[in-house]
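Notes follow once the structure below has been shown.
Protein chains in written order, with my numbering: chain A, 3 to 424; chain B, 3 to 424; chain C, 3 to 424; chain D, 3 to 424.
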């Protein structure tokens, strides 16, 4: 599926871990439809363990009983997703979300449930059984639910066809597949089979690959089989992780394009980790959130909100509804880092992109621990004339000749749209 | 247990893989008692999958049903081991073997059965269950029977205590524990717990660790927790594997001593792989078998016969009953390689050891592809007098002044016991 | 020095190795001035060993006598550069080249002549001597002329100041410094000192660093201290080397900008290696030369002709005077690879860039061994409208809707300037 | 040359660095002849830079003028070795040392003097010159005197023949060749040529290779071409270096034998570094010196005193004249480590060897930071009877049954000769 813009949405993980419920999903979908849809936000994604009755927090229960149909396929647990009763799966919830004008996604794990393998249950459309298609020594490093599927075995394709057929019948629009992105080259053939089955299931679905870091030398493969792939391990509200994203973004930026996006992971903003404590809010300062949103946008990474939206404060609402920044996310092309260097002993990073509608974007980041006032020669972005433009966060008009003077607090960012004509 | 000599015995694997039966074990035990016991051969060891009803060959059935007691402990499958009926386990078979004056061993896998974990069965002596002690992502690379046990969990020690209590009750003398020797440092704590439980079970049992290659930097650990450890991956009747053993032996030789032995693996001699085809015999030439037996003996490796003994031909019987060679295996001390070099373009290797009863052993190997006649200066073994002695395989007396002249065919070995006095 | 476009010129190495003479340089300068200057070609660069009287071919004489002034500075050998007589150095030759409206460059080696060190000669502006500033164990891997200079020693800066002062007095515009680009981090401090001294010598000179491959993790450093740096070891007329350049170019492309250019090395076209045999011509096919020129141009690499220009045939003249291609070299911005993949079993590579004057460049390469006819969806370059444009090599107008159909021979390339409006 | 015992002697380096003089050499030779010769000490070796007039300390002068004959061969500097005047070289000094019943050795550097190469001087017995045999980019990492010699060049063999012919004519008995032992495999061919030329020069000379660490995978090569090779980088009076020697010794011990010895480097005992300060004495405690002497002796490493012998105190004299320890150095065979482990939280190491005259040596080291009282089961050394014996340092008789009780201070060692009969 070739999307012009990388996906924008909400995911339940940062806020609820494995404990999300149908009610929470609906309240966030309602909020998004009312307040955010008009800015381009559209996906509502349920993350891990929707098939596990005892799931409660961000950690995993080991070897626990999962909800499964007769064909070895996981289905929603009715205690957290009551509308799934009677074998309806996520169809009623998807229908509700579609009725709001939004799209619906779910998280899956590569492979087939271990309990299916040990019980030797059936595969739909095949006379093979779960035990016969499992890949012996392929397991997830952090979760005990699944065995990998061996794509060379008869019945393997039928299994993957059967799960995507099920998800299509529910009305799923987005699959976040886990335990796969960084498992190359070992599990490459399983990825190819999974991707083929998904793309042939009869319904358009975004395929998102986790966890990172994805392998740069496999960039062409990710682009061909998926719509987005994680360039980092789990990202959280920690400056070191945010700082580290600059070098990841630098390496991956040229691989963003229509339908294929390097994914810098979810935005841990507003109330998060609510399964632990209702008072938890993101650790990021306001400046750091602006830095994050600026980098993700000029990189054209998917934008997936991680916090509980219904309790966003004004700052957070403004963060995700700044039209000029979201326009950069939509219209930036050919994004790349220009330089990273110390200016007056403070590290700064400069990115640029073109605007598909005309003009040049630049984003300037102060990644040091002191505030700064710097001057960027226009020749750094190969401009030899006067420029006119706008700072995107503030909306202030600017003009510059020879160089652009910028004040930045520590960890702050500014972004500009520049033109050589006024 | 401090044994003066490394174990000598028979193991069912090379000949029968996972398909060995009680009848086969007994016929080999009978043969050993009658023909080989007097030469020092004493252990009869049942290798992998004695708990698996459908096991048939050298390969493994995946995710198959295993025989298990109520405490998550594997027990013999009655179809291949009928005397185990009625919950007797291996006790009757062990008793039979003991009655012949021999000792009895079994193969086990590190960990707890996956089926116990998925069924969440009990642990003897603990209120914890199988699911609570399994180590999430610790599995064997080639076999789907077990999960590792997490030694930090309550119930883990009770599980290991309970299995060695069971084996002791059966009368087991030798445990070959698999999926552990080369799994350091990851599974080091599980090895320590397993070894402690075995040594405190109330019955003396040899602990043998597989598979190799063991890690040289962990030599002190192996010596402290076990009696023998594999220095190589599975060894078969292939010259390349035999040739490769010289460099492994060179590295490990100084770690042999009372109660702790580097293990060069089983001797694939006579009829092997009988589960595939009754006509299969070892691929090794006679010279290569002499080379193998010489190297294993001067290295003081355990000597574990892999072939069906009842159908040994004369050559093979002579190979395993040469008293002078077996005396070297018993009395060699301080074994080590002297040199490896080309002489007249043919590679030769010289080993030496002292004899605990007096005199010096040397073993000379032609590892090249041409026959040779070489002369070894006595100064190479720091002898400055005349020497007198015996070639061990032929029993011929020899004497030498200044140098020893030796004729060797390609891949042949000779071994000598030398004294400076006649 | 911030140049808007990466340098275009001629270098003596590919054609004459160490044997180039003043006469040859002048004849090529005359030719360039008359036929190529109007297309942007302007630098005339004398490569290695201009200070060595006995130099004859592409190989180096070991430990040979070099021409040197009293201050340990190398000077031109009068037998090949007669105008340098009387201590005039390259001043007369530079003056001649300037008189043609061209610029003049020379090759130097990092460090100080070994003969200066062993004779312990003087350093201008310092009471230290050559022996006192040499870096003991820093030598070039292929050439015996120099020792590295230890930047921590008194006199080191004076030495580097003195050589650039001399080159400035001659009128040098371009320094190709060898044995330095890939010697990081070991020789990083020497590079910093050398660069500082050059930039403070009072004359603008391009600094070009060799040999490659430069280190990607030092990209920011190269950009700050130099104008161009080699991304590859010596490049010659061999398809494997050309093919290999695509992955190098992909990694380095975002580091091109005003005044700093990744350097894919000289263009071995027309008559080359004339010191060996006057009949030698480039091994590259016409298609391969077009592929090379297209890649170098969209990457914005420096373009430095390696062949004897006065004997260029028509194809070669057209190759270096195609105005549309040279305009891409000049006006491309934000160049990067879009994808590399097999289409109908033939590998193709797609690059894109924006045109600073408006429109989008794309370059399509068939790097497989069969001819092809492919169709590139316009969405690959994020265009959703009809496009109009021109193929640059042929000058043919094209238009496309949804996809662009392209025929390519094996190893051929095409390049297009596209606009969404006609 | 096949020596039964590894060399014992004195070397000027630890005490005098590059500043040693003829007078110092003679005073140490006189002392050795009078006090130590009867214990087996016999070599007097002049270390680095005997050809350099300005040498003063343990550091090297860079690019300095060396004394050289017309054939590119270094000769003693007359200011420090006045007896060498008139072209006599070391002949008079060697003659003096021989007259004391001792042997004479010198240090050399691999290669040919750089000054010979830059002056292009002659090679004896060849029409080639220094410049023609130098290996371009082969230099020493810490010393600027030499270039490597390229063994593939005509004249290379003649050069090496000519230097050993010269040393033989002087009466040299021992060559310590530097910049070679750890330079494999790069300089392996030069080592082979050098060794061949030395062994064919007509005079028996020990060949000692420096610096270490030598490469274990090249053990067979060192044994074939040399008599001793350094298993460590420069060893000094620092516990960390001494502690580290245990693991080096463990790896190399089986390679000791008649004529070939792993070399643990010189013994920095008594007054050392006298070129810096006359008051400097070894930093090692008495216990540490006993540990060192015990390890070197049971390993059968060469024993080369590094301190100024004429000012040895009683402890140091006793250290180097303990007859029982020196007998172990002479008669130990098949030495190897038995174990290294913590006993009561203090690390201990046990070594063993056989005595060529009968009996077993053991050496016990306390390498921890606390004193200890330990009990070693006799089965650890495969003794199952009572033992009788002597502690070598103290001369005290001991006997033991089942286990040996030993008291050790931190960093102390004890050594025993044990027999099963009294």
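Note that CB positions come from ideal geometry on N, CA and C, so glycine has one too.
Terminal residues of the alpha helix (DSSP H) in which residue i lies
i                      : result
residue 351 of chain C : Not the alpha helix (DSSP H): residue 351 of chain C falls in the beta strand (DSSP E), residues 348–357.
residue 226 of chain A : 221–227
residue 172 of chain D : 158–172
residue 436 of chain A : Not covered by the structure: residue 436 of chain A. The range shown for chain A is 3 to 424.
residue 200 of chain C : 190–201
residue 18 of chain C  : 15–18
8 Å contact criterion, which residue i and residue j should meet: CB distance rounded
i                      : j                      : result
residue 284 of chain C : residue 270 of chain C : 5 Å
residue 228 of chain D : residue 209 of chain D : 4 Å
residue 204 of chain C : residue 97 of chain C  : Actually they are not in contact, since the Cβ atoms of residue 204 of chain C and residue 97 of chain C sit about 18 Å apart, beyond 8 Å.
residue 186 of chain B : residue 220 of chain B : 5 Å
residue 34 of chain B  : residue 104 of chain B : 6 Å
residue 389 of chain D : residue 399 of chain D : Actually they are not in contact, since the Cβ atoms of residue 389 of chain D and residue 399 of chain D sit about 11 Å apart, beyond 8 Å.
residue 1 of chain C   : residue 295 of chain C : With chain C covering 3 to 424 only, the question about residue 1 of chain C has no answer from this structure.
residue 422 of chain A : residue 387 of chain A : 5 Å
residue 66 of chain C  : residue 80 of chain C  : That pair is no contact at about 16 Å.
residue 48 of chain A  : residue 109 of chain A : 6 Å
Buried or exposed by the 16-neighbour rule on C-beta atoms within 10 Å, applied to residue i
i                      : result
residue 50 of chain A  : buried
residue 365 of chain B : buried
residue 396 of chain B : exposed
residue 443 of chain C : Because chain C here runs from 3 to 424, residue 443 of chain C falls outside it and cannot be looked at.
residue 36 of chain C  : exposed
residue 139 of chain B : exposed
residue 63 of chain B  : buried
residue 377 of chain D : exposed
residue 144 of chain D : exposed
residue 167 of chain C : buried
residue 354 of chain D : buried
Residue i, enclosing beta strand (DSSP E) - first and last residue
i                      : result
residue 179 of chain A : 176–180
residue 393 of chain A : 389–393
residue 364 of chain C : 362–368
residue 149 of chain B : 148–151
Amino acids of chain F, ordered along the chain, whose beta-carbon sits closer than 8 Å to that of residue i
i                      : result
residue 302 of chain B : Absent from the structure is chain F; the protein chains it does hold are A, B, C and D.
Checklist entry - In the stretch 91–132 of chain A, which residue ranges form an unbroken beta strand (DSSP E) of at least 3 residues, counting only runs that do not cross its ends? => result 105–111
Checklist entry - Of the residues that make up the stretch 99–124 of chain B, which ones have a beta carbon closer than 9 Å to any beta carbon in chain A? => result 116, 117, 119, 120, 121, 122
Checklist entry - Which residues, in chain order, does the stretch 211–235 of chain B contribute to contact with chain D at a C-beta distance below 8 Å? => result 222, 225, 226
Checklist entry - Along the chain, which unbroken stretches of the beta strand (DSSP E) at least 3 residues long are found entirely within the stretch 221–285 of chain B? => result 230–232, 263–265
Checklist entry - Taking any Cβ of chain B, which residues in the stretch 132–161 of chain A have a Cβ under 9 Å from it, in chain order? => result Those would be 132, 133, 134, 136, 138, 139, 141, 142, 143, 144, 145, 146, 149, in chain order.
Item to check | Residues of the stretch 65–92 of chain C whose Cβ lies closer than 7 Å to any Cβ of chain D, in chain order | outcome: Per Cβ criterion, the list reads 65.
Item to check | Near-chain A residues of the stretch 337–355 of chain C - C-beta to any C-beta below 8 Å | outcome: Flagged, chain order: 338, 339, 340, 341, 342, 343, 354, 355.
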